[in-house]
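Chemist:
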Amino acid sequence: MHLSLLWLETAKNGLVNGALIALLAVAFSWIYRTTRVFHITLGAQILAGAYAAVYFSRLVQSFALAAIAGVFASIAVSMVLMRANSSLQRREASNALRLIASVGLYFMAVGICAILFGPGIKRGSVPLGSSLQVGPLLVSPTDLHYTIALITVGIVLMLLVRSPVGMGIAAVGSNRRLYSVLGHAEGRVLTIVHITTGVIAGFCGAFEGLRNGVEPYGYLPITIFAAVAALLGGRSLFLGPIIAGLVLGCLKSIATQTLSDAWIDTAIYGILLIAVCFWPRLVLAPAVDEERP
Amino acid sequence: MNYLWHVSFLFAVFTILAVSLDLLIGHLGLLVLCHSAFFALGAYLSASFMLSAHLPFPVSCLFAILATGVISLPVAFAARRLRGDAVVLGSFALLLVTVDLLKNLRNLTGGLDGLRGIPPVHFGPVQLVSYQSQAVFAILIAAISWLLVQRLTFSAQARFLHALRDDPYAAVGLRVYSTTIYFRTFALASGMAALAGVLYASYASYINPSVFGSDQAIALTAMVLLGGAARPWGPVLGALIVISIPEIVRAIGGGPSYVGAVNYVVMGLVLFLFAIYRPKGILGGYEFK
Amino acid sequence: MSSSKLLSPLLSLKSVSKSYGSVRCLDAVSFSVYAGERLALVGGNGSGKTSLVDVLSGFTVPDRGIVYMNGLRANRHHPAWFAARGMIRTFQSPRAFEQMTVLDCLCLAAWVPTSPSTFSSLIQPPNYRKKEECVRKHALAALTAVDWGERAAVPAGELSYGQRRFLSILQLSLAEGTVALCDEPTAGLDSNKASEALNLLKGWQTADQARAIIVATHDLEFVSSYFDRILRIEDGIVNEI
């Protein structure tokens, strides 16, 4: 009985973590499809959301308002990243240089957070309230808020994907030049994509920050998790990354019971390494000007 | 005065790292982020040989360099098959895996606690213990490394490498196709990084995985891109600038965590700005297409 | 029959076919190339010339038929295998070593150490330095002969389309090999430079009677004066003229 409760807890944690990874995977795949850059700066957006939520929660003592602050902070970072990416695009920088620039931006963001807020863990001050008994499980208010908000965001994303926005993303991802030449506003699609990923990263960062605290150096693993889920999700804009994220979250939760957390990160990095070496086309979009001799 | 010798030592070690990384970035055209993994391998292997097997320094050093060179060959093989951004991402993933393994394999590496009591550089009864002697030795090694790389990169062999770097199809059209030179150069670069690791481990007498993390990798890449890849003095200039930054921050009163954070910002900014505005670096070197 | 044809061919195709989707580029092509020959493959756009050149040099594997080089079956081999047996080639879109200087490009062509020795490069013994000096002199002389002396230090990436084309011919003219394949060697060149390029190719071939040269071109102006054998290719079918 005790063992089955343990596994139920594990499943619950797995789904909650998996939902987080799933949404971040959607954000990652949208940016990646439209800009063709491996979006390691997603970590910077999550950081911005987390710090904004944590510090705002100390002022307003409200989970919802703090989360909204996190979203706005993340959107602001997203807009900066969009400008940076378009500079690189205008200069026709190679994919390798753009990836290096992306890595540089992420490290800058981490450094700025460390300077402004210090290297230690910062926690919010939101009253947790009492836990709810759901069957044999004890569900904390944070988990409940989290799950409701994530489901809501998920539904909104699903609707977006089926709308002209989703078609625009698929078209830009498929042939950006042609989309532009046919008179469509490529810039508008990119703006929507960046705002949406800002919203997702902001929500996820806010919830993670309020739940577990935030420190500047700890968001690389979750970014890589999201990236791996996005690449496992294939060419899909929504369902693939969502399913892959949920599965990865559950696997992570199960693995935490049997191995240490440290090996899970190693495993995820290893999966990324193997995928890049053996299936580079799965991980990285082909360069626009790839040619045969 | 000891402080100056300390900075000189660091400059020498980072010069060796930057010059060897330049072999990969500037002369082979591989924008890799895993060079500090080879640095780490050299440090840990040398420390393990001396601490566990009680081998003398010269033998440990040689074994560490050779082992790292051999271990780097599969990496060279993978890098050769992959396109530019796949090399960047794959090498970054390799670095993350390596650092995580150093943290997790406690029995071999001491885990997060690292390895302590690493003997200093010694040749028989002669031990280099003082800051000055270790710094002078490291500077000598750095100078020899620089000279060797210059000889190699201004030669018929260098033209061969540059042709493979710039256009492998056109190269094979002129019967430039041998892969031996590519693997040899890659192994040489990783061996030099291992040598830097050996020197560092013996100087610090203590190493842990955090020394070799992604911030180190970013700093090394920034050194090469900043100074100018495939330029004789480019990596040296880049190393000088990058080493100076934390010292300047310390001089104006920054604490250790502040120094680390400023390093992150500056290195990140360097990578970003140079990628956009000056991919050839200060001295105008190899430009990534 | 000329004396060269008594020897075995350097390159040979037997019923080679290649299609890309529903488009048949090569249709049962058979011919041989012998030492001492200067062969022109003539045809319009889309006739299959580049596909044929790619098959001959290992860049494309034929769907059917057999390719021989030096009597050895070569179908599944990669371009480096052909290069190892003496093939050199240029490409339809002129390719340049963008960040190497023009002089270095020519030095590379003139001296390709088959097994570059790291030790020699590090130590640079007297014979190595002498060879290097000789190669540089030879490359500079080649540049001066075509009035390109002032371009020695220019990176190849800064050359125009036509200049890159000419550079690739100049490189080929200094290279060691037994079979040279050129795809559109005069495209983008004015008639003076085109004739200079063809003279360079002819000079390369006549320097050693064991060599053969194959040029794919749609430029009929020079064909009869520079080549002693002409094959016409049309819709993937090759016929001797």
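So the protein lines, in turn, are chains A, B and C.
Read in order, the letters of the first sequence are residues 1 to 293 in our numbering.
Read in order, the letters of the second sequence are residues 1001 to 1289 in our numbering.
Read in order, the letters of the third sequence are residues 2001 to 2241 in our numbering.
Note that the Cβ used here is the ideal one computed from N, Cα and C, for glycine as well.
The structure displayed is predicted, hence computed values, not measured ones.
Can you give me the start and stop residues for the alpha helix (DSSP H) that A/Asn85 sits inside?
Modeler: Residue 85 of chain A sits at position 85 when you count from the first residue of the first sequence. Looking at the DSSP string, the run of the alpha helix (DSSP H) that includes A/Asn85 is Phe63 to Arg90.
Chemist: Closest to B/Phe1092 by CA distance: which of A/Arg176, A/Ile224, A/Ala76 and A/Trp279 is it?
Modeler: The residue labelled residue 1092 of chain B in the question sits at position 92 within the second sequence. The shortest Cα separation from B/Phe1092 among A/Arg176, A/Ile224, A/Ala76 and A/Trp279 belongs to A/Ile224.
Chemist: Look up C/Thr2101 in the DSSP assignment and give the residues it is bridged to.
Modeler: Your numbering for residue 2101 of chain C matches position 101 in the third sequence. DSSP, once it has assigned bridges, lists C/Pro2155 as partnering C/Thr2101.
Chemist: By DSSP's criteria, B/His1035 is part of a beta bridge. Which residues make up the other side?
Modeler: For the purposes of this step, residue 1035 of chain B is identified with residue 35 of the second sequence, where counting begins at 1. B/His1035 pairs with nothing; no bridge assigned.
Chemist: In whole angstroms, what is the alpha-carbon distance linking A/Arg58 and A/Leu182?
Modeler: Taking the first residue of the first sequence as position 1, residue 58 of chain A is located at position 58. Taking the first residue of the first sequence as position 1, residue 182 of chain A is located at position 182. Those two C-alpha atoms are separated by around 50 Å.
Chemist: Pull out every residue of the segment 1179–1211 of chain B whose Cβ sits closer than 7 Å to any Cβ of chain A, in chain order.
Modeler: Within the segment 1179–1211 of chain B, no residue has a Cβ that lies closer than 7 Å to any Cβ of chain A.
Chemist: Name the DSSP beta bridge partners of C/Phe2031, please?
Modeler: Here the question's residue 2031 of chain C lines up with position 31 in the third sequence. C/Phe2031 pairs with C/Leu2013.
Chemist: Given a limit of 8 Å on CB to CB distance, which residues of the segment 83–101 of chain A reach chain B?
Modeler: Of all residues in the segment 83–101 of chain A, Ala84, Ser87, Leu88, Arg91, Ala93, Ser94, Asn95, Ala96, Leu97, Arg98, Leu99, Ile100 and Ala101 have a Cβ within less than 8 Å of some Cβ in chain B.
Chemist: In chain order, what residues of the segment 1155–1176 of chain B put their CB closer than 9 Å to some CB of chain C?
Modeler: Those would be Ser1155, Ala1156, Gln1157, Ala1158, Arg1159, Phe1160, Leu1161, His1162, Ala1163, Arg1165, Asp1166, Asp1167, Tyr1169, Ala1170, Ala1171, Val1172, Gly1173, Leu1174, Arg1175 and Val1176, in chain order.
Chemist: Name the chain B residues that come within less than 8 Å of C/Gly2177, Cβ to Cβ?
Modeler: In the third sequence, counting from the first residue as 1, residue 2177 of chain C sits at position 177. Here the neighbours are Arg1175.
Chemist: I need the straight-line Cα distance from B/Ser1036 to B/Gln1157, nearest angstrom please.
Modeler: The residue labelled residue 1036 of chain B in the question sits at position 36 within the second sequence. The residue labelled residue 1157 of chain B in the question sits at position 157 within the second sequence. About 26 Å.
Chemist: List, in order along the chain, the chain C residues whose C-beta lies closer than 8 Å to that of B/Leu1152?
Modeler: If you number the second sequence from 1, residue 1152 of chain B lands on position 152. Residues of chain C passing the Cβ test: Thr2118, Ser2121 and Leu2122.
Chemist: Which whole-angstrom value is the C-beta distance of C/Glu2037 and C/Ala2212, which I expect to be below 8 Å?
Modeler: Taking the first residue of the third sequence as 1, we reach residue 2037 of chain C at position 37. Taking the first residue of the third sequence as 1, we reach residue 2212 of chain C at position 212. Indeed they touch by this definition, with Cβ atoms about 5 Å apart.
Chemist: Rounded to the nearest angstrom, what separates C/Pro2079 and C/Arg2064 at their Cα positions?
Modeler: As a position in the third sequence, residue 2079 of chain C is number 79, starting the count at 1. As a position in the third sequence, residue 2064 of chain C is number 64, starting the count at 1. Approximately 18 Å between the Cα atoms of the pair.
Chemist: In whole angstroms, give me the CA-to-CA distance for A/Ala316 and B/Val1097.
Modeler: Given that chain A is displayed from residue 1 to residue 293, the structure contains no residue 316 of chain A and the question cannot be resolved.
Chemist: Quick one: which unbroken alpha helix (DSSP H) runs of 4-plus residues sit fully inside the segment 1103–1133 of chain B? Chain order, please.
Modeler: Within the segment 1103–1133 of chain B, the complete alpha helix (DSSP H) runs of at least 4 residues are 1106–1109.
Chemist: State yes or no: is the beta carbon of A/Met108 nearer than 7 Å to at least one beta carbon in chain B?
Modeler: By one-based count along the first sequence, residue 108 of chain A stands at place 108. Yes - at least one Cβ of chain B is within 7 Å of the one on A/Met108.
Chemist: Assuming the contact rule is C-beta atoms closer than 8 Å, C/Leu2172 and C/Trp2148 should be a hit. Round their C-beta distance to whole Å, please.
Modeler: Residue 2172 of chain C sits at position 172 when you count from the first residue of the third sequence. Residue 2148 of chain C sits at position 148 when you count from the first residue of the third sequence. Going by Cβ atoms, the distance from C/Leu2172 to C/Trp2148 rounds to 15 Å, so no, they are not a contact pair.
Chemist: With a Cβ-Cβ cutoff of 7 Å, do B/Leu1045 and B/Ala1067 count as a contact?
Modeler: Position 45 of the second sequence, counted from the start, is the residue given in the question as residue 1045 of chain B. Position 67 of the second sequence, counted from the start, is the residue given in the question as residue 1067 of chain B. Result yes, Cβ atoms of B/Leu1045 and B/Ala1067 sit closer than 7 Å.
Chemist: Does B/Leu1102 have its Cβ less than 7 Å from a Cβ in chain A?
Modeler: As a working note, residue 1102 of chain B is residue 102 in the second sequence. It does not; no Cβ of chain A falls within 7 Å.
Chemist: Considering only the beta carbon of each residue, do C/Leu2026 and C/Lys2018 sit closer than 7 Å?
Modeler: Here residue 2026 of chain C refers to the residue found at position 26 when the third sequence is read from its first residue. Here residue 2018 of chain C refers to the residue found at position 18 when the third sequence is read from its first residue. Cβ atoms of C/Leu2026 and C/Lys2018: closer than 7 Å.
Chemist: Could you give the distance in angstroms between the alpha-carbon of C/His2218 and the alpha-carbon of A/Arg33?
Modeler: Sequence index remark: in the third sequence, residue 2218 of chain C carries index 218 (1-based). Sequence index remark: in the first sequence, residue 33 of chain A carries index 33 (1-based). Their Cα atoms are separated by approximately 42 Å.
Chemist: What does B/Tyr1286 reach in chain C if we use C-beta pairs closer than 7 Å?
Modeler: For the purposes of this step, residue 1286 of chain B is identified with residue 286 of the second sequence, where counting begins at 1. Ordered by position in chain C, the residues that pass the 7 Å Cβ test against B/Tyr1286 are Gln2099.
Chemist: With H, G and I counted as helix, E and B as strand and the rest as coil, what does DSSP make of A/Ala52?
Modeler: Mapped onto the first sequence, residue 52 of chain A falls at position 52. Helix.
Chemist: What in chain B is Cβ-close to A/Arg273, meaning under 7 Å?
Modeler: Counted from its first residue, the first sequence places residue 273 of chain A at position 273. It should be noted that the sequence gives Leu, not Arg, for residue 273 of chain A. Correct list: Gly1090, Ala1093, Leu1094 and Val1097.
Chemist: Distance cutoff 7 Å, beta carbons only. Does B/Ile1241 sit that close to anything in chain A?
Modeler: Counting from 1 along the second sequence, the entry for residue 1241 of chain B is found at position 241. It does not: the Cβ of B/Ile1241 has no partner Cβ on chain A nearer than 7 Å.
Chemist: Name, please, each residue of chain F whose Cβ falls closer than 9 Å to the Cβ of C/Cys2107.
Modeler: In summary, chain F is missing from the structure at hand, where the protein chains are A, B and C.
Chemist: Leaving out five residues before and five after A/Val60 in sequence, what residues of the same chain have Cβ atoms less than 7 Å from its Cβ?
Modeler: As a first step, residue 60 of chain A is located in the first sequence; it is residue number 60 there, counting from the start. Ala66.
Chemist: Assign A/Glu208 to buried or exposed, taking buried as 16 or more other Cβ atoms, counted over all protein chains shown, within 10 Å of its Cβ.
Modeler: Translated into the one-based positions of the first sequence, residue 208 of chain A becomes position 208. A/Glu208 comes out buried.
Chemist: So with Cβ pairs under 7 Å, would you call A/Ile115 a contact of chain B?
Modeler: By one-based count along the first sequence, residue 115 of chain A stands at place 115. It does; some Cβ of chain B falls within 7 Å.
Chemist: Whole angstroms are fine: how far does the CA of C/Met2087 sit from the CA of C/Val2238?
Modeler: Position 238 of the third sequence, counting from 1, holds the residue named residue 2238 of chain C. Position 87 of the third sequence, counting from 1, holds the residue named residue 2087 of chain C. Going from the Cα of C/Val2238 to the Cα of C/Met2087 covers about 22 Å.
Chemist: Verify the CB distance criterion: does A/Leu270 have a CB-CB separation below 7 Å to chain B?
Modeler: One-based indexing of the first sequence puts residue 270 of chain A at position 270. The question names Leu, but residue 270 of chain A in the sequence shown is Gly. Judged by the 7 Å Cβ criterion, A/Gly270 is in contact with chain B.
Chemist: Going by C-alpha to C-alpha distance, which of A/Val189, A/Thr152 and A/Lys252 sits closest to A/Met167?
Modeler: Counted from its first residue, the first sequence places residue 167 of chain A at position 167. Among A/Val189, A/Thr152 and A/Lys252, the Cα nearest to that of A/Met167 belongs to A/Val189.
Chemist: What beta strand (DSSP E) runs, 3 residues minimum, are completely inside the segment 104–185 of chain A?
Modeler: Whole beta strand (DSSP E) segments, 3+ residues: 132–134 and 137–139.
Chemist: Residues of the segment 1136–1149 of chain B with a CB closer than 7 Å to any CB of chain C: list them in chain order, please.
Modeler: Per Cβ criterion, the list reads Leu1148.
Chemist: Closer than 7 Å, CB to CB, is B/Val1249 near chain A or not?
Modeler: Here residue 1249 of chain B corresponds to residue number 249 of the second sequence, with the count starting at 1. Closer than 7 Å: no.
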